[in-house]
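A.B. asks: Quick one: the structure is below, and I'll ask about it shortly.
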Amino acid sequence: MNYMAVAQSLLEIKDLQNSPSVSMWPFLVDTQQTRYINQISIYVDPQITRTGCRTFYMNAVALRLWRVMDKAGVAVGECHRPPRTAVLAFGMPFSE
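Residues 7 to 102 in the numbering used here are what the sequence shown spells out, letter by letter.
Below is the structure:
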């Protein structure tokens with residue numbers, strides 16, 4: 007399982023709807039896609055960078071839904087799993 011690192015700017019962070027923990031569950035319910043909850047894994051790095059960016063780590067299912075939702079963020083890299091400092095923001099924990 008790989009995670010895509012998705013960065014959000016300070017301006018994007020200010021819009022609470024750009025937070026998966028706020029907007030993804032209502033989207034899944036509204037679109038009758040709650041079956042995906044067991045496949046979604048989103049972590050967030052609790053550190054805000056010096057430039058004011060926040061980084062999410064999303065698995066493929068989460069990233070696909072995030073794009074369908076037309077939410078903010080720029081893919082900035084990929085990793086096998088989120089860094090140890092990242093915390094679960096939405097969905098299921100990482101497992102191999």
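Every residue, glycine too, gets a C-beta built ideally from N, C-alpha and C.
1. Can you name the residues that DSSP bridges to residue 22?
2. Give the straight-line distance between the Cα atoms of residue 92 and residue 100, rounded to the nearest whole angstrom.
3. Contact defined as beta carbons within less than 8 Å: I believe residue 26 pairs with residue 51. What is the distance between those atoms, to the nearest angstrom?
4. Would residue 95 and residue 18 qualify as a contact pair, given that the criterion is a beta-carbon distance under 8 Å?
5. May I have the straight-line CA-CA distance separating residue 43 from residue 57, to the nearest angstrom?
C.D. replies: This is what the structure holds:
1. In the DSSP output, where bridge partners are listed per residue, residue 22 has none listed.
2. It is roughly 11 Å from the alpha-carbon of residue 92 to the alpha-carbon of residue 100.
3. Contact doesn't hold; Cβ gap of about 13 Å is too wide.
4. Cβ distance not < 8 Å, so residue 95 and residue 18 don't count as in contact.
5. 32 Å
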